[in-house]
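Chains A and B are the protein sequences, given in the same order.
Quick note on my numbering: the first sequence kicks off at 1 and runs consecutively.
Quick note on my numbering: the second sequence kicks off at 418 and runs consecutively.
Note that beta-carbon positions come from the ideal geometry of N, C-alpha and C, so glycine has one too.
Below is one structure, written out as C-alpha cells, with a few remarks after it.
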Amino acid sequence: MIFQESAEAFKMAIDSMRTNKLRSLLAALGVVIGISFVILMGWVLGGLDGALEETVNLMGEDVLYVDQWDWAGGHNWRKEEYRKPITIEQANDFCSKIKSAEVAVPLSYAGGAKVKYGNNQYNGMMIQGTKSEFSNTPSGAILEGRFFSEIEEKYGSNVAVIGFGVFTTLFPDSFALNKDIRINGHKFLIIGVIKKRATYMTDFMDQRIYMPLEAFKSTFGKFNRSLNVVVKAGGKERLDEVRAETEGLMRTVRNLKPGQENDFSINETKAFEESLAAIRIAVWGIGIGMTVLSFIVGIIGIMNIMFVSVAERTKEIGIRKAIGAPRRSILIQFIIEAAVLCLAGAVISLAGCSILIYLTATILPKYVSELEFLKPFIPLNLLLIASLVSIIVGILAGLIPATRAARLNPVDALRYE
Amino acid sequence: MDDQEKIIIDIEHIAKIYQMGLEKVFALRDVSLTLRKNEYVAIMGPSGSGKSTLMNILGCLDTPTLGKYMFRGLDVNDMDDNELAAIRNKEIGFVFQTFNLLPRATSLKNVELPLVYGGISKSVRHERAKKTLEDVGLADRITHKPNELSGGQRQRVAVARALVTHPSIILADEPTGNLDSKTGIEIMKLFSDLWKKGNTIIVVTHEEKVARYAQRIIRLQDGLVETDEFNINQFIPN
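In C-alpha cells form, the structure reads like this:
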C-alpha cells in the first residue's frame, strides 16, 4: 500500500512540477548549487586521489629514493641546496652494504641531452646511468628486448634502453631494437624498450634513456649532478625496516656525526600522500562550508515552496482526508514531492556540472599544466552520492510542511477555497 | 437480522461547542438519533441550524464535544485521526455540493482513490472503479478529467467514488446545490435507485424538493432536533 501510494505521489509530484516549471526551478536553485558543490568538490578530490595513485604507481609503493632533494615540496630549498651532492662512490658504497633491501642501485642524471636518430634530432631528453639491477625496479620493466647485463655494465658498453615515450618519439612507425642512435655524439645500440608507465600527466617518466653507469661517465665526462639511490624494499610491509637501515647506512656513508642532521632525503610515496593531504583538507574545508551553506538555503527554498504547495492544495488534502487518507499518506505525498523537486535540482546540477567539468578538464590544463590531474567526467559514485544527498535534503525540507498538511483538520481543509 | 444489528449510527445527547474568543457558541446543543440500515433520511434546517456540523460529525470528519457516538457498535469518540480516516474510507461515502473531485485526475482515478487508501490491489481497484462508473451511467467517460465533464456528470463521478468502497452509509451534503433543476432531478433519481438497491442514504439539504425523496425527514433548529418524522409523501421515481 505504501508502495502504491508512493508511486501515485511520485507521478503527482512530476505533474505538479510540470505545471509550475519556473517556480519549481527557483525553489530548487539552492539545491542545484549545493549539489554542484558536492559534485565539484568530489571531482577535484577524486582528481587529486587519481594523481596520487598515479604517483604511487610510478614510484612504486615499496621503493625509496635517496636524493639530495626532498621531492614532496614545501621544504627549505635553500638548505637542501647547500647539501653536498651524493657521489658515485657514496652511492656504490651504500648499494654494496645494504642488507635488508631487495634491490639498491645508483641512478645518475643528465638532462638536456641531444639525441639523434637518422636525420632527426631531439633535445632535452633525460639520460640516466644505472646498473643492470635497475631492471628489478618498477621503472625498469621491459616491454621488448632486454635490459643491459652485468657484463655490459662492467665494460660500459654503449647500449641503451629507451623509455616508451622515447620509443614513440624516435620510432613512430618502425622497430627500435638494434637501431643505432647518437647521444651527444656518442653511438648507442638500442637493446630494449621499457613498458609504458606514465599517463598523460606524467609522460616525462617515459621520456628517458637508460645506460650503464660507465657508458654514462664516458658520454658526459663526469657525474656532474648528485646521484640518486633507488632502494626497493621488496614489499610494503618491509618498508620500515629498509628505511631505518637506509637512513643509518647513508649517514655512515656520508660521515655524519651523531646529532648532526641528515644531509639527504629519503623520498617515498608517503611524502606525496602527506603533502596532498593538506590540499585535500583545504578543498574539503572550503567545499563543506559552501555546501552546508547552500544546502541550508536550498532546504529553506524547498520548504518555502512546499508550504505554498500545501496551502494551495488544502482543499485537495481535505478531499483526500474525507475519503479516508490516513495522515501517513498525506505525509508521504508531500515528502515525495519535496524529494522529487530536489532530485530534479540534482539532475539539473549534474547536467550543468558535466558540461563545466568537461570544459574545465579539456581547456584549462592547456594553460595551467598543474591541473592535468582533473578528469573530464563525473565519477559514478559521485552521481549516486549527489542523488542520495538531494533526496535526503528533500525529505528534510518536506518534513515540516508535510506534517502540517497531514495534521490539517478535514472539516477546515474541505471548507478552504 | 434483529433491530440491534440493523443500527448503523446511534448518537446520544451530542453537542458541539466552539470557543469564539470568550464566548461559547453551540453549533449543536443536544441531538440524539438512531439510523438503521437501508434508511433514506433527509436532514433539513435553515443555515445556522447545525446541520453541517451534524453532517461532519456523522461523517466522522469531526468529533462531538459532548455526548456519545456509536458507529456500528464502535465508539467513535475514542478513535484517533487514523482510525477515523479508516472509518471514513470503508464505511462512509461522501457526496459534496461542490463535487470535490481532484481536478487533475481522470474519472477513473478519482473513483479509484478511496480504494488506494483502502489498500486494494491495482487490478481489483481498476475493475471495481470501472464497474461503479458504469453503474452510475458513465461508462464512456472514464478517461475524462472533471473539467471535461458537465456538472451532472461530475456529481455522478462523485457518487461513484462514494459507492466504490461499498460503504455502510452514503452521506450527501446539498448534492443538487450546484446543479440545474433538471440535472438535480436526475441525481436524486440516482439516489432513489441506490436506496432501492439496499443502500443507506443521508441527505443534508435545505430544499424541500430534495428532502421529499427521503423516507424520513429530520428538521434541525438552533442545534436541536425540531421534528423527526416518517415522510408520508415520499417521492419515489420509477
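Open item on the list: In this structure, how does DSSP classify His543 (chain B) when only helix, strand and coil are distinguished?
Closed with: helix
Open item on the list: Restricting to Cα atoms, I'd like to know which of B:Thr644, B:Gln638, B:Arg573 and B:Asp495 is closest to Ala589 (chain B).
Closed with: Closest by alpha carbon: B:Arg573.
Task: Short CB-CB distance (under 9 Å) between Val533 (chain B) and chain A - done: Under the Cβ distance rule, Val533 (chain B) counts among the residues neighbouring chain A, one pair being separated by less than 9 Å.
Open item on the list: What does the Cβ neighbour count give for Arg415 (chain A), buried or exposed, with the cut at 16 atoms within 10 Å?
Closed with: exposed
Task: In DSSP terms, what Thr644 (chain B) is bridged to - done: Residue pairing by DSSP places Thr644 (chain B) opposite B:Arg636 in a beta bridge.
Open item on the list: For a minimum of 4 consecutive residues, which ranges assigned as the alpha helix (DSSP H) are wholly contained in the region 420–469 of chain B?
Closed with: If we require 4 residues or more, the alpha helix (DSSP H) runs fully inside the region 420–469 of chain B come out as 420–423.
Open item on the list: For Asn409 (chain A), would you say it is in contact with chain B, using Cβ-to-Cβ distances shorter than 9 Å as the test?
Closed with: yes
Task: Chain-ordered neighbours of Ile14 (chain A) on chain B, where CB pairs are closer than 8 Å - done: Listed along chain B is no residue with a C-beta nearer than 8 Å to that of Ile14 (chain A); the closest approach is about 12 Å.
- [ ] Starting from the Cα of Val581 (chain B), find the closest Cα among A:Gly324, A:Arg328 and A:Glu417 and give me that residue.
- [x] It is A:Gly324.
TODO: Measure the C-alpha to C-alpha separation of Gly118 (chain A) and Tyr82 (chain A) and round it to an integer number of angstroms.
DONE: 42 Å
Task: Pick from B:Val493, B:Gly438 and B:Leu475 that is closest to Gly510 (chain B), judged by C-alpha positions - done: Out of B:Val493, B:Gly438 and B:Leu475, B:Leu475 has the C-alpha closest to the C-alpha of Gly510 (chain B).
- [ ] On the DSSP bridge assignment, give the partners of Arg182 (chain A) in chain order.
- [x] A:Lys116 and A:Lys187
TODO: At 7 Å on the CB atoms, spell out the chain B contacts of Lys321 (chain A), in chain order.
DONE: Ala502
Task: Closest residue to Arg280 (chain A) among A:Cys353, A:Leu48 and A:Ser24 (Cα-Cα distance) - done: A:Leu48
Open item on the list: Taking 8 Å as the cut-off, does the region 544–557 of chain B touch the region 478–491 of chain B (at least 3 CB pairs, one atom from each stretch)?
Closed with: Taking 8 Å as the limit for Cβ pairs, the verdict is that the region 544–557 of chain B does not touch the region 478–491 of chain B.
- [ ] Within the same chain, show all residues whose beta-carbon is closer than 6 Å to that of Glu591 (chain B), passing over the 5 residues directly before and after it, in chain order.
- [x] Gln514 and Thr622
Open item on the list: Let me make sure I understand the geometry here. Which of A:Leu227, A:Ser135 and A:Ile191 has the alpha-carbon closest to that of Trp69 (chain A)?
Closed with: A:Leu227
TODO: Assign Glu508 (chain B) to one of two classes, buried (16 or more other C-beta atoms within 10 Å of its C-beta) or exposed (fewer than that).
DONE: Per the 10 Å Cβ criterion, buried.
Open item on the list: Does chain B have any CB closer than 9 Å to the CB of Gly318 (chain A)?
Closed with: Yes, Gly318 (chain A) counts as interfacial toward chain B.
Task: CA-to-CA distance, Pro520 (chain B) to Ile286 (chain A), given in whole angstroms - done: 47 Å
TODO: Quick one: residues in its chain with C-beta nearer than 7 Å to the C-beta of Ile424 (chain B), no 5 flanking neighbours on either side, listed in chain order?
DONE: Thr451 and Arg453
Task: Candidates A:Ala402, A:Thr219, A:Ala344 and A:Tyr358: closest to Val389 (chain A) by CA position - done: A:Ala344
TODO: Return no unless some Cβ of chain B is closer than 9 Å to the Cβ of Arg23 (chain A).
DONE: Arg23 (chain A) has a beta carbon lying at 9 Å or more from every beta carbon in chain B.
Task: Within-9 Å CB hit, Gly352 (chain A) to chain B - done: no
Task: Within chain B, the residues that Glu8 (chain A) reaches when beta carbons sit closer than 8 Å - done: Val533
TODO: Using a Cβ cut-off of 8 Å, pull out every chain A residue sitting near Lys539 (chain B), in sequence order please.
DONE: Gln4
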